[in-house]
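Protein chains in written order, with our numbering: chain A, 1 to 141; chain B, 1 to 417.
Glycine included, each C-beta is placed from N, C-alpha and C at the ideal position.
Quick caveat: nothing in here was measured; it's all calculated off a predicted structure.
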Ligand SMILES: Cc1ncc(COP(=O)(O)O)c(C=O)c1O
Ligand code: FES
């Protein structure tokens with residue numbers, strides 16, 4: 001398998017490797033894939049509650065080089081975007097940027113899934129928080 | 001094209017890329033090439049030409065090769081027939097015996113970690129009214145002789161069990177298998193491709209009736225192989241699968257590949273002379289590689305029995321690291337992986353799965369195939385490089401991090417796709 005220079009670059013110098021505090025309400029975590037399938041991605045975001053901008057993104061990936069590169073690239077792309085903007089990122093954009101061959105398309109799909117899962121987790125936490133706030137407001141009246 | 005950055009220094013005398021995939025194929029020994037050369041040029045005769053010296057010369061060379069092979073496996077030249085490689089040898093043995101002994105029975109026994117040439121030949125026969133038992137293997141890759149004993153019934157005509165496995169290098173107890181077959185009057189075929197020339201293999205001592213051999217696994221040329229077919233106690237008959245001029249005692253028609261056959265013969269002669277010392281040398285390199293990996297890395301798992309194993313084989317799972325990403329990092333070293341991501345089907349190795357390994361461990365496996373031309377300096381470089389890359393990839397691995405934090409991965413609800 002010949003890898004594109006961009007895949008090799010992300011493999012050698014993966015961006016934003018690490019982990020964020022899962023329990024923080026500002027953090028959303030997406031864990032997708034399965035060890036039996038040979039690929040697991042964990043992508044995390046820290047969102048500014050005022051601006052809804054993703055200020056920090058971290059990943060770790062168990063998978064082939066293309067999966068590592070896809071998730072590394074995904075963290076780069078979502079950083080600085082608003083949550084809704086980040087949801088607009090498509091796996092086909094990743095395929096294009098990294099010149100992935102057809103057999104590696106599912107690795108990019110996984111990265112898109114990871115973005116959605118992380119944002120979904122964050123939204124779930126924060127809609128719950130909003131309801132709590134609202135409830136408190138009602139009681140205070 | 002950028003290359004993979006690594007801090008590992010290349011020792012003096014080591015040339016990249018390093019070839020360490022000798023179960024897939026092996027480099028041609030220069031002595032073999034030298035023996036073959038005249039048969040491409042001046043000695044081009046057809047071994048079946050009876051009327052002139054060109055033919056006689058070619059025939060003589062073929063007979064010498066037959067003797068060289070026979071000597072290595074403890075038989076006589078008359079019991080060797082030439083083929084285009086072990087895939088053909090396996091097909092000819094299994095289909096040819098099935099066809100010849102159809103009156104006697106329709107049951108064949110093999111096992112799950114065989115090469116596809118054996119498994120697919122058996123599958124083909126299943127479509128034509130034969131019954132095939134695929135024996136399981138134990139966690140160490142060996143079959144259970146009791147399973148075999150119980151599987152043999154009065155319709156069993158053939159048992160086909162490989163001598164050495166091409167992925168995990170595990171050596172099956174062929175002498176015992178052969179003995180059992182002979183007690184029950186069943187023909188015993190073995191795919192001996194990986195064991196001939198590497199470990200002692202003797203058709204008499206090992207009670208083998210039919211054996212497949214390939215040139216390119218023993219530092220000989222590709223596209224040439226042989227089939228040993230026993231002529232006495234018992235006499236085995238094989239129905240030809242390729243019809244034509246009646247070459248090779250009618251069992252395999254086609255003009256003989258004289259240069260290839262000369263090369264196969266020479267390769268066997270060299271193996272016969274050097275196997276004993278080479279085996280010690282390769283086992284030394286293999287154990288050195290294993291010790292280095294184990295001293296620096298945790299969560300590594302050797303696949304298959306270490307006791308019953310080819311000297312040059314090491315198959316290791318670097319758990320929590322996916323195999324293809326590891327290959328990518330060691331791209332100046334030629335090895336292979338059981339990972340699904342490297343296979344066309346996106347399925348992990350069926351051999352490793354047969355050992356009862358989880359798919360995740362199978363995905364993490366690397367096969368190192370050491371051979372005649374590998375050096376200690378190469379082994380040291382490969383070990384250092386693998387250690388470096390595995391550490392890099394484990395820093396990226398969510399699974400490794402979770403396990404280190406004490407999380408039980410089996411308790412997680414994975415979104416399998
Ligand atoms: C165990 C085994 N059997 C059969 C074969 C097929 O041999 P050939 O490449 O000569 O057809 C191989 C090699 O791929 C092998 O390893
Ligand atoms: S993770 Fe298996 S092909 Fe990419």
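- Neighbours of residue 398(B) in chain A, taken as residues at a C-beta separation under 9 Å, are given in chain order as 19, 31, 40, 41, 42, 59, 60, 61, 62.
- The closest heavy atom of ligand 1 lies less than 7 Å from the beta carbon of residue 23(B).
- Under a criterion of Cβ atoms nearer than 9 Å, the residues of chain A adjacent to residue 358(B) are, in order, 35, 36.
- In the DSSP secondary-structure assignment, residue 131(B) is bridged to 107(B).
- Considering only beta carbons, the part of the stretch 63–95 of chain A lying closer than 8 Å to chain B consists of 63, 64, 65, 67, 68, in chain order.
- Annotated three-state conformation of residue 331(B) is coil, per DSSP.
- With fewer than 16 other Cβ atoms inside 10 Å of its own Cβ, residue 280(B) counts as exposed.
- Excluding the 5 residues flanking it on each side, residue 247(B) has same chain C-beta neighbours closer than 7 Å at 48, 253, 254, 256, in chain order.
- Our two residues, residue 221(B) and residue 266(B), have alpha carbons roughly 10 Å apart in a direct line.
- Nearest in C-alpha terms to residue 89(B), of all of 364(B), 286(B), 223(B), 292(B), is 223(B).
- Here DSSP, grouped into helix, strand and coil, assigns residue 192(B) to coil.
- The continuous beta strand (DSSP E) containing residue 316(B) extends over residues 313–318.
- At a cut-off of 8 Å, the C-beta of residue 415(B) has a neighbouring C-beta in chain A.
- Against chain A, the CB of residue 320(B) has a partner CB under 8 Å away; the residue lies at that interface.
- Taking a beta-carbon distance threshold of 8 Å, residue 14(A) counts as an interface residue toward chain B.
- Residue pairing by DSSP puts residue 19(B) in a beta bridge opposite 334(B).
- The three-state reading of DSSP puts residue 41(A) in strand, counting E and B together.
- Secondary structure note for residue 44(B): it is in no alpha helix (DSSP H), with a DSSP letter that is neither H nor E.
- Among the residues facing chain A, residue 17(B) is not included, as its CB has no counterpart in that chain under 8 Å away.
- The nearest non-hydrogen atom of ligand 1 is less than 7 Å from the C-beta of residue 191(B).
- Here residue 407(B) is exposed: its Cβ has fewer than 16 other Cβ atoms, across all protein chains shown, within 10 Å.
- Going by C-alpha positions, residue 77(B) is about 20 Å away from residue 187(B).
- At least one heavy atom of ligand 1 lies less than 7 Å from the C-beta of residue 90(B).
- Proximity of residue 297(B) to chain A, defined by a Cβ-Cβ separation below 8 Å, is not satisfied.
- Among the residues facing chain A, residue 355(B) is not included, as its CB has no counterpart in that chain under 8 Å away.
- DSSP lists 27(A), 56(A) as the beta-bridge partner residues of residue 46(A).
- Secondary structure at residue 368(B): strand, using DSSP grouped into helix, strand and coil.
- For residue 216(B), no pairing in a beta bridge is given by DSSP.
- Residue 35(A) and residue 306(B) have their C-alpha atoms roughly 26 Å apart.
- Remark: the shortest separation between the CB of residue 113(B) and any heavy atom of ligand 1 does not fall under 7 Å.
- Residue nearest to residue 171(B) within the set 147(B), 313(B), 129(B), 35(B) is 313(B) (criterion: CA-CA distance).
- Scanning its chain for C-beta atoms nearer than 7 Å, with the 5 sequence neighbours on each side dropped, one finds around residue 138(B) the residues 144, in chain order.
- In the three-state reduction of the DSSP assignment, residue 263(B) falls in the helix class.
- Between residue 319(B) and residue 299(B), the CB-CB gap stays under 8 Å.
- Taking a C-beta distance under 8 Å as the contact criterion, residue 74(B) and residue 58(B) do not qualify as a contact pair.
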